[in-house]
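A.B. asks: Attaching a single structure in structure tokens format; questions to follow.
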Amino acid sequence: MPRPAIPLWRLHPDLLGDPEYKKDLQDVLVGSFHTNWDTAGTRGLEWEALKVVIRGVSLSKTYGIRQRLDRELTHQEEVLATPQRQVDNGDASEADCLECRPAPICGGSAVLIPEGVRLLGMEITCEELIAALVQLQTDKAPGPEGFPAEFWRLTWPQGGRLLQHMFNKAMTRSDLPRDHSAANIVVILKLGLLVTR
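The sequence shown begins at 464 in the numbering used here and counts up one residue at a time.
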């Protein structure tokens, strides 16, 4: 089944591997962050401006990069078309390596100490955001307009400042669960809290 076509304007993680695209994107984003941080009025408007800038850079660089991506996809399709018998001759899985009697999971769960509960209620800090970005899985992003982890690493600290501001604003406006401990994303961002068993 063919892969769905990626719109030419959408930021794709593969594009961030292209040095020319990466340099052009960084140059344009530095100017965009510098111009819009004080004049956009709201972080929401800056977010929309950021998406427009990225779409413009993506469209202007798409032709050559798409050709390179098409060559890579063709190679992947050839690999996927490898006869099954060649795959079957590879390493066989060992059924006896699975644990037949897993330990009970109730009773051994970690519990936050009171200080950890208090920290969950605080705003996300830059340090917590950096720790989370480092651990984000490559090529993953929420929603159709979500930017992958590579984008935030590339645009740090300007992009991270915008991300931190928008996230904390969403929490205070209750766009996300008001109780921070009920928001799974906060638990992910609040890494390293002290726990007790």
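Ideal Cβ placement from N, Cα and C applies to all residues, glycine included.
Using only the alpha-carbon positions, how far apart do Asp533 and Gln598 sit?
C.D. replies: Translated into positions along the sequence shown, residue 533 becomes position 70. Translated into positions along the sequence shown, residue 598 becomes position 135. For Asp533 and Gln598, the gap between their C-alpha atoms comes out near 29 Å.
A.B. asks: State the CB to CB distance for the pair Leu474 and Phe630, rounded to an integer number of angstroms; the pair is presumed to be in contact (CB under 8 Å).
C.D. replies: In the sequence shown, the residue the question calls residue 474 occupies position 11. In the sequence shown, the residue the question calls residue 630 occupies position 167. Contact doesn't hold; Cβ gap of about 19 Å is too wide.
A.B. asks: Could you tell me which of Glu591, Gly623, Leu536 and Ile593 sits nearest to Leu492, measuring between CA atoms?
C.D. replies: Locating residue 492 in the sequence shown gives position 29, counting from the first residue. Answer by Cα proximity: Gly623.
A.B. asks: Using the C-alpha atoms, what's the distance from Pro577 back to Asp487?
C.D. replies: By 1-based counting over the sequence shown, the position of residue 487 is 24. By 1-based counting over the sequence shown, the position of residue 577 is 114. Taking the straight line from one Cα to the other gives about 47 Å.
A.B. asks: Three-state secondary structure (DSSP) at Pro620?
C.D. replies: Within the sequence shown, numbered from 1, the residue matching residue 620 stands at position 157. Of the three classes helix, strand and coil, the one that applies to Pro620 here is coil, per DSSP.
A.B. asks: Mind checking which residues open and close the alpha helix (DSSP H) that includes Glu586?
C.D. replies: For the purposes of this step, residue 586 is taken as residue 123 along the sequence shown, with counting starting at 1. Segment: none, Glu586 is in no alpha helix (DSSP H) and carries neither H nor E.
A.B. asks: Quick one: is Glu535 buried, meaning 16 or more other Cβ sit within 10 Å of its Cβ, or exposed?
C.D. replies: Within the sequence shown, the letter at position 72 stands for residue 535. The residue is exposed, with fewer than 16 neighbouring Cβ atoms inside 10 Å.
A.B. asks: Considering only C-alpha positions, which residue in the set Asn499, Leu478, Leu626 and His628 is nearest to Val520?
C.D. replies: Stepping through the sequence shown from its first residue, residue 520 is reached at position 57. Out of Asn499, Leu478, Leu626 and His628, Leu478 has the C-alpha closest to the C-alpha of Val520.
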